[in-house]
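Residue numbers (my numbering), protein chains in the order written: chain A, 1 to 249; chain B, 1 to 446.
All C-beta atoms, glycine included, are put in the ideal place defined by N, C-alpha and C.
All values derive from a computational prediction rather than experimental measurement.
Data block below; observations after.
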Amino acid sequence: MAKVKCAWFDFTSCEGCQIELTNFGEPFVELLEHVEPVEFREAMSEKTEEQIDVAFIEGSFSREADRRRLEQIRARASIVVAYGACAVSGGVNAMKNHTSDYAEEVYGEDAKRPHLASQKALPIAEAIKVDFIIPGCPIDKAEFVRVVEQLVHGTTKVYVPSYPVCVECKRRETLCRYDDNDHCLGPIARAGCDAPCPADGIPCEACRGMIDNPNEAAMEKVLVENGKLPERWAKDKTRMFTANHRGDA
Amino acid sequence: MSKNVNINVHHLTRVEGHGNIVVNVTDGSIEQCQWQVPESPRFFEAMVRGRHYSEVARITSRICGICSVGHTLASLKATECALGIKVSKQTDRLRRILKHAENFDSHVLHVYFLVAPDLLGAPSVFPLVPTHGDVVKRALRMKRLGHEWGSLIGGRTTHPTRAVVGGFSSLPGGARTVREGEANLRELKEKLLGCVPDAVETFKLLGDLAANIPAFDRPTEYIGLVDDVEYGLYDGQVGTLMPDGTREIIDVQDYRSVTNEYVVDQSTAKYCKHNLDSYAACALARVNLNYDMLHPEAKKIAEGLGFAAPCFNPYMNSVAQFIEAVHSVYMTVQFIDEVLADGLKDEKPVEPTKFGKGAGATEVPRGILFHEYAYDDEGFCTMGNCIIPTGQNHANIQGDFDKLVPELLAADKSEKEMELALEMLVRAYDPCISCSTHYLDVTFKK
Ligand code: SF4
Ligand code: SF4
Ligand code: SF4
Chain A
1 MAKVKCAWFD
11 FTSCEGCQIE
21 LTNFGEPFVE
31 LLEHVEPVEF
41 REAMSEKTEE
51 QIDVAFIEGS
61 FSREADRRRL
71 EQIRARASIV
81 VAYGACAVSG
91 GVNAMKNHTS
101 DYAEEVYGED
111 AKRPHLASQK
121 ALPIAEAIKV
131 DFIIPGCPID
141 KAEFVRVVEQ
151 LVHGTTKVYV
161 PSYPVCVECK
171 RRETLCRYDD
181 NDHCLGPIAR
191 AGCDAPCPAD
201 GIPCEACRGM
211 IDNPNEAAME
221 KVLVENGKLP
231 ERWAKDKTRM
241 FTANHRGDA
Chain B
1 MSKNVNINVH
11 HLTRVEGHGN
21 IVVNVTDGSI
31 EQCQWQVPES
41 PRFFEAMVRG
51 RHYSEVARIT
61 SRICGICSVG
71 HTLASLKATE
81 CALGIKVSKQ
91 TDRLRRILKH
101 AENFDSHVLH
111 VYFLVAPDLL
121 GAPSVFPLVP
131 THGDVVKRAL
141 RMKRLGHEWG
151 SLIGGRTTHP
161 TRAVVGGFSS
171 LPGGARTVRE
181 GEANLRELKE
191 KLLGCVPDAV
201 ETFKLLGDLA
211 ANIPAFDRPT
221 EYIGLVDDVE
231 YGLYDGQVGT
241 LMPDGTREII
251 DVQDYRSVTN
261 EYVVDQSTAK
271 YCKHNLDSYA
281 ACALARVNLN
291 YDMLHPEAKK
301 IAEGLGFAAP
311 CFNPYMNSVA
321 QFIEAVHSVY
331 MTVQFIDEVL
341 ADGLKDEKPV
351 EPTKFGKGAG
361 ATEVPRGILF
371 HEYAYDDEGF
381 CTMGNCIIPT
391 GQNHANIQGD
401 FDKLVPELLA
411 ADKSEKEMEL
421 ALEMLVRAYD
431 PCISCSTHYL
441 DVTFKK
């Protein structure tokens, strides 16, 4: 079987998702028996003119100037995979989307410079067609391998769970954050990560996005009544990773 | 000498984030010689406003995936300072171990994946798989060790879960009992000692490649943490070292008097300067500042690689990183022994005693990092400021360019050789320019 030609590209992001790919250790060499990296700016000087089988895109679409680069990638690639919350939903970058003074806050007077014109942080899919997604901030390495396996075998559908993180959390027999005087977004968060955060003693922040049809009003009520969060916090809670999933986005 | 050179490296490869190199020489005279950063801004300081103190490190960790442990720790320290929290001895030691893990992890990545290809004459690490398979496997093995080491303490190395305001949310390895936690630490110690043969092989490789490191000196001011407990990395005060050996110590809370950010017209990021027009904050700065505090085994490596502090060659930063990687292995073994000697305890994170303003600093692989926050009396953030090391190094990289380009021209180097020399210089600093907290864009000269 010919190796699958893969290329990696990054936009507005922390590049943490590509760093996760370097954490496999020696098994990474095995992965290289099936995929051939043809372009990966952070790790390679090589660039390719050939058609790319799979383009992995990390980072949000947050500058109109990036649209052309995204369209070029789409034209060169047979399959486009958005990986990481930034690319899938806008991720943490979208936290500022509901405000208008963020540039002044960081740059002061300089914010008026034209090159600082930045738009809302949006998913890659707002600019080009995306075939598959790998959510998470950062991505889960095991899920990445699962998706690559499927792509190598020519799968046309990649499964992302639609049930909430609570399911995986219960399966692990983790003490619920709500029973430890804390709060958690597990009930509306999309599973697939195996709920590492509650297991480590911190709330799930829904870094993989929300489930389909989340009941946001009920979640807010739970945060206030069971999580003891002040109203203002409960209202803003889901802006951290899921600002673009909110009903008011 | 009537020479024309036109170098335009758009989005330099094998660095974190996006940077451009532009050099124009017409008839032997330099018209333009610039290091530019067109990274897209992400506005973190605006994003933390209104967030609860327990969320802030989780957000600012996302400034940079490769230094996320450092961002988390700098953020926690700043918040703890603002909230009047003093963490336990055990938390302090475990955080030091976590910091060493990140330093090792990132340095291995830099030395093997980003610098070694230049020295071995390959465009990237991938073509080395068939020709230098053992080198690549060793690199991946060491990288994996760094990841397991940090994950054992922090839960994850990219955006650690367990490091929280006031301490840790769970025991090492997610253990449910202290006994299990202690066993996990012992196992880590064995793994670390088991990596010594790989470190020795890396030492030999670097020794063989050292001849390819360009000879170039530009004394500058070096800035980094200096600490009473150990070599400045996790904690301490701001130390500065001038080329003539003069030293100064500045309180972390006065960090703005060190960084003095300013905007330059022709360029990109906010620049920083202290006593001179520029300063260096990187592994080289740390080794120059703290050489005496290095572990004896790390000093042996330094001597073996011909490294003598103070070293004024920025290309030697990669060597300084490897010296630190070895230091981190031995210091972690020491801190594990200390934690075990006192007996691991299941501690609850320390609670706030006030709400105010505070700054925190830690060293990330690329240099000193500052975070500062203010909180209202319900614990919600009202102000945030983050100053990353790459931002602090930009002016120094530009200063190196200004000295290096005329030297290369005088030595009659070809355009290709000059381009490689400049690329290698930027890579030596290991710039993490994705940490775009303070970037402005560039205008291209057509
Ligand atoms: S999804 Fe998270 S880890 Fe991945 S690039 Fe974005 S901020 Fe970084
Ligand atoms: S800790 Fe969170 S994810 Fe787990 S069961 Fe409770 S609410 Fe659900
Ligand atoms: S538990 Fe929640 S925050 Fe943690 S990785 Fe899973 S979805 Fe993300």
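Anything in chain B within Cβ reach of residue i, meaning under 8 Å, just list it in chain order.
i	result
A/K221	Here the premise fails: no neighbours, minimum Cβ distance about 18 Å.
A/E26	K137, L140, R141, R144
A/E49	Per Cβ cutoff of 8 Å: no residues; A/E49 is ~15 Å from chain B at best.
A/W233	H52, F380
A/G227	Within 8 Å Cβ-Cβ: nothing; A/G227 doesn't reach chain B, min ~12 Å.
A/E173	Residues of chain B passing the Cβ test: none, with the nearest at roughly 11 Å.
A/L32	F126, V129
Taking 7 Å as the cut-off, does the CB of residue i come closer than this to any heavy atom belonging to ligand 3?
i	result
A/A195	yes
A/V204	According to the sequence shown, residue 204 of chain A is Cys rather than Val. Within the cutoff, so yes.
B/A298	no
DSSP state of residue i, grouped into three classes?
i	result
B/D118	helix
B/S106	helix
A/I57	strand
B/V9	strand
A/I211	coil
A/M240	helix
B/L247	In the sequence as displayed, the identity of residue 247 of chain B is Arg instead of Leu. Correct three-state label for B/R247: strand.
A/Y178	helix
B/G155	coil
B/T60	helix
B/G358	strand
B/G167	strand
B/N20	strand
A/F40	strand
B/S257	helix
A/T155	coil
A/G201	coil
B/H100	helix
A/C137	coil
Using the beta-carbon of each residue, which ones in chain A are nearer than 7 Å to residue i?
i	result
B/H147	N23
B/E55	M240
B/G50	D236
B/L109	T22
B/V164	I202
B/G174	A199, D200
Regarding residue i and ligand 2, is the C-beta to nearest heavy atom distance less than 7 Å?
i	result
A/C169	yes
A/C166	yes
A/G186	yes
A/R177	yes
A/P198	yes
A/T155	no
A/T272	Here chain A comprises residues numbered 1 to 249, so residue 272 of chain A is not present and cannot be evaluated.
Since residue i meets chain B, which of its residues come closer than 9 Å, beta carbon to beta carbon?
i	result
A/C176	By Cβ distance, chain B contributes nothing, its closest Cβ being about 14 Å from A/C176, past 9 Å.
A/V165	Simply none; closest approach about 14 Å.
A/G209	Under the 9 Å cutoff, chain B gives no residues; its nearest Cβ is about 15 Å from A/G209.
A/V29	V129, G133, V136, K137, L140
Just to make sure I have the definition right: I need the residues of chain B whose C-beta is within less than 7 Å of the C-beta of residue i. Which are they?
i	result
A/I19	G65, I66, T158
Anything in chain A within Cβ reach of residue i, meaning under 9 Å, just list it in chain order.
i	result
B/T161	P196, C197, A199, D200, G201, I202
B/S170	A199, D200, G201, I202
Compute every distance between the C-beta of residue i and the non-hydrogen atoms of ligand 1, then say whether any falls below 7 Å.
i	result
B/T157	no
A/G59	yes
A/S13	yes
A/G16	yes
A/V92	yes
A/A125	no
B/R62	yes
B/G65	yes
Report the neighbours of residue i on chain A: residues whose CB is nearer than 8 Å to its CB, in chain order.
i	result
B/I59	V92, M95, M240
B/E378	P230
Discussion item. Suppose only complete runs of 4+ residues qualify. What are the alpha helix (DSSP H) ranges in the segment 263-301 of chain B, listed by chain order?
Written reply: 283-290
Worksheet entry | Whole runs of the beta strand (DSSP E) within the segment 183-239 of chain B, excluding any shorter than 3 residues | 221-226
Worksheet item: Quick one: complete beta strand (DSSP E) runs, 3+ long, within the segment 395-427 of chain B?
Response: none
Discussion item. Quick check for students: name the residue ranges of the alpha helix (DSSP H) that lie wholly in the segment 302-388 of chain B, counting only runs of 4 or more.
Written reply: 317-342
Discussion item. Give the list of continuous alpha helix (DSSP H) stretches no shorter than 4 residues that lie fully inside the segment 64-108 of chain A.
Written reply: 67-76, 85-89, 102-107
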